[in-house]
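S.K.: Its first residue numbered 0, the sequence shown is counted upward by one per residue in numbering that gives the first Met the number 0.
Structure below; questions to follow.
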Amino acid sequence: MITTKELLDLEHSIASPLFIGKNYPWEVLDEIESFIIAHGATLSPELFDHPAEHIWIAKDAIISPSSSIGGPCIIDRGAEVRHGAFIRGNAIVGKGAVVGNSVELKNVVLFDSVQVPHY
């Protein structure tokens with residue numbers, strides 16, 4: 000089986016500490032929520048808005064007004080959340096990542112520059 004170290008380049012995610020000591024990527028699923036809450040509290044208010052409890056959105060992120068964002072969630076710098084996207088919680092959207100229209104996310108870590116296309 001391919002391990003986390005072989006599969007992922009941990010240099011490209013704010014969630015890198017979440018994967019330390021894990022052999023396989025799915026081992027982080029139960030820890031995403033607590034990681035977001037702890038890490039979100041450390042994010043700079045100059046760079047990130049905090050519009051609701053456990054939700055942090057980079058000020059330079061592009062968020063469609065028709066998207067729905069539930070927490071815990073971090074949307075990193077330069078990310079884009081398009082029309083009708085539904086972020087249900089426990090989600091980290093990496094730097095420059097794109098969440099396409101009508102995409103639903105939950106219990107997910109999207110690394111930097113990842114694009115999740117529309118349906």
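Note that beta-carbon positions come from the ideal geometry of N, C-alpha and C, so glycine has one too.
Predicted model, so just to flag it, every value in this text is computed and none were measured.
1) What does the Cβ neighbour count give for residue 22, buried or exposed, with the cut at 16 atoms within 10 Å?
2) Beta strand (DSSP E) containing residue 91: first to last residue?
3) When you compare the CB positions of residue 101 and residue 88, do they come within less than 8 Å of one another, or not?
4) When the Cα of residue 66 is compared with those of 12, 9, 15 and 81, which residue comes out closest?
5) Excluding five sequence neighbours on each side, which residues of the same chain lie with their C-beta closer than 8 Å to the C-beta of residue 32?
6) Helix, strand or coil: which one does DSSP assign to residue 85?
7) Let me confirm a value: residue 12 is counted as buried when at least 16 other C-beta atoms fall within 10 Å, else exposed. Which label applies?
8) What is the DSSP secondary structure of residue 67, reduced to helix, strand or coil?
9) When you compare only the Cα positions, how much space is there between residue 78 and residue 35?
10) From 85, 45, 105 and 93, pick the residue whose C-alpha is nearest to that of residue 64; which is it?
M.R.: Result, derived from the coordinates:
1) exposed
2) 90 to 92
3) no
4) 81
5) 71, 88 and 89
6) strand
7) buried
8) strand
9) 17 Å
10) 85
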